[in-house]
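For reference, the structure discussed in these notes is given below.
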Amino acid sequence: MGIVTLLISDWLLWTLPKEISHSTTRTRPSLSRFVSFPPGHLYSSKQGGLRRWYNPQWFLEKIPSTPYDPFVLHEAFEKAVLKRLMTDVPFGVLLSGALDSSLVAAVACRYLAKSEAARQWRSQLHTFCVGLEGSPDLKAAREVADYLGTHHHEFHFTVQIFLNLRLQEGIDALEEVIYHVETYDVTTVRASTPMFLMSHKIKSLGVKMVLSGEGSDEIFGGYLYFHKAPNKEEFHQETCQKIKGLHLYDCLRANKSTSAWGIEARVLFLDKEFIKTAMDIDPGWKMIMPDLGRIEKWVLRKAFDDDQKPYLPKHILYRQKE
């Protein structure tokens, strides 16, 4: 899936030896041009090239027809979370207050409540959030943290950083972000900057691993323009294309912004089994249909809508993008 960045020298693609690296800053200066190692591929020196090994059914963009089963999706998500809680280092959850990270935190909390793993680092799950002071995301994250009973850490990323006496610090951070993320893509750099600064703070707390919610919008059509999808065929094809491009944008940001400070970001939505389960669902169920009360990512929300033992408050579970 391209969760961890890998690069290969493009002009050495047909020669030996190859140069493969996680970063252009760690390669020989003479090798000036690199391309992304394509996700789901392996390189064989014997065969003299790249070969795809990960070739799921959804990659072909054929329209699936499996009926939506909230229990099956719920189960697959929980397994993806629990798999990434296998660790012996201090960890936490990046909690934005939006649906995806809130569900991650909720499932992790339930697991830790009945697990000895909670004793590894105090007794509470640690959650982290960064944003503009007074923003609705910070407020929502705080509310989720209070509801779940996590040890919440809130970091403010304000415009004042660039306007007061710490002007140079802000400029230096931007340069460092571009250096570590290795892209000039404006959207990626903009989104990486607060994550980079937050990762520095998280590192100072001794945390070595965080769970993050990248991939959900791509899998379930969570972006606002998916409201305009004319039919389920085009909806599904667009989600496939978005997933295929994750290694160039969201995964790049999540991996590079955190690893710059020695933190491992684990993205459970990109678990292969979970993606298979989610992408096998008939896309007609994923489409936004206001007349039927279906907002974006309705299938994911419905899978965790439990009146007996709520995972999240209803207004958080069904909170729409702003």
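Those letters in the sequence shown? Residues -21 to -1, 1 to 301, by mature numbering (1 follows the signal peptide of the UniProt record, and there is no 0). Positions of the beta carbon are idealized from the N, C-alpha and C atoms, including for glycine.
Residue i versus residue j - alpha carbon distance
i: Leu127; j: Leu296; result: 13 Å
i: Pro292; j: Leu(-15); result: 42 Å
i: Ala239; j: Leu190; result: 16 Å
i: Ala257; j: Val14; result: 30 Å
i: Gly224; j: Met177; result: 25 Å
i: Thr106; j: Lys221; result: 28 Å
i: Val186; j: Glu212; result: 43 Å
i: Ala87; j: Gly27; result: 44 Å
i: Phe214; j: Val278; result: 14 Å
i: Lys62; j: Pro69; result: 16 Å
i: Asn143; j: His131; result: Annotation note: pLDDT 49 at Asn143 (below 50); position unreliable, coordinate value reported separately. Computed Cα separation, rounded: 27 Å.
i: Cys219; j: Asp67; result: 35 Å
i: Arg145; j: Val165; result: With a pLDDT of only 45 at Arg145, under 50, the local geometry of the prediction cannot be trusted, and the value read off the model is given with reservation. Going by the C-alpha atoms only, they are around 23 Å apart.
i: Asn210; j: Gly263; result: 8 Å
i: Gln287; j: Gln299; result: 23 Å
i: Leu271; j: Ala208; result: 16 Å
Sub-9 Å separation of residue i and residue j beta-carbons
i: Arg30; j: Ser24; result: no
i: Met174; j: Gly71; result: no
i: Ser195; j: Lys276; result: yes
i: Met200; j: Met268; result: At residue 200 the sequence reads Gly, which differs from the Met that was named. No, the pair does not count as a contact, with Cβ atoms beyond the cut-off.
i: Leu153; j: Thr129; result: no
i: Trp(-21); j: Ile254; result: In the sequence as displayed, the identity of residue -21 is Met instead of Trp. Yes. Within cutoff.
i: residue 330; j: Glu155; result: Because residue 330 is not part of the residues shown, which for the chain are -21 to 301, the question remains open.
i: Ala120; j: Glu133; result: yes
Sequence-distant residues of its chain with Cβ nearer than 8 Å to residue i (five each side left out)
i: Ile157; result: Tyr163 and Val168
i: Arg280; result: Leu78, Ile274, Leu296 and Tyr297
i: Asp116; result: Ser75, Gly76, Ala77, Cys108 and Gly110
i: Ile242; result: Ser178, Ile181, Lys182, Val186, Lys187, Met188 and Val189
i: Trp32; result: Gly19, His20 and Leu21
i: His206; result: Ile267 and Glu275
Neighbourhood of residue i by C-beta, 6 Å cutoff - its chain only, sequence neighbours within 5 removed
i: Asp229; result: Glu193
i: Pro18; result: Met(-21), Gly(-20) and His226
i: Ala59; result: Leu247, Asp250 and Phe253
Beta-ladder partner(s) of residue i, from DSSP
i: His131; result: Thr106
i: Ala273; result: In the sequence on display, residue 273 carries Arg and not Ala. Bridge partners of Arg273: Met268.
i: Thr45; result: Ile260
i: Ser15; result: Leu(-15)
Own chain, CB closer than 7 Å to residue i, minus 5 neighbours either side, in chain order
i: Val160; result: Thr167, Val168, Ser171, Leu231, Arg232, Lys235 and Ser236
i: Val123; result: Leu74, Gly76, Ser81, Ala84, Leu291 and Ile295
i: Ile260; result: Pro43, Thr45, Tyr47 and Val278
i: Phe16; result: Leu(-16), Leu(-15), Ile(-14) and Ile(-2)
i: Val51; result: Thr256
i: Asp284; result: Leu296
i: Tyr202; result: Asp196
i: Ala244; result: Val189, Ser191, Ala233, Asn234 and Thr237
i: Gln216; result: Glu40
Within-9 Å CB hit, residue i to chain D
i: Gly71; result: The structure shown contains no chain D, having only a single protein chain.
Check whether the region 77 to 93 touches the region 34 to 51, counting contact only when three or more Cβ pairs, one atom from each stretch, lie closer than 8 Å.
-> no
Three or more beta-carbon pairs under 8 Å between the region 248 to 258 and the region 51 to 70, yes or no?
-> yes
Would you say the region 63 to 78 touches the region 39 to 49, given that touching needs at least three Cβ pairs under 8 Å?
-> no
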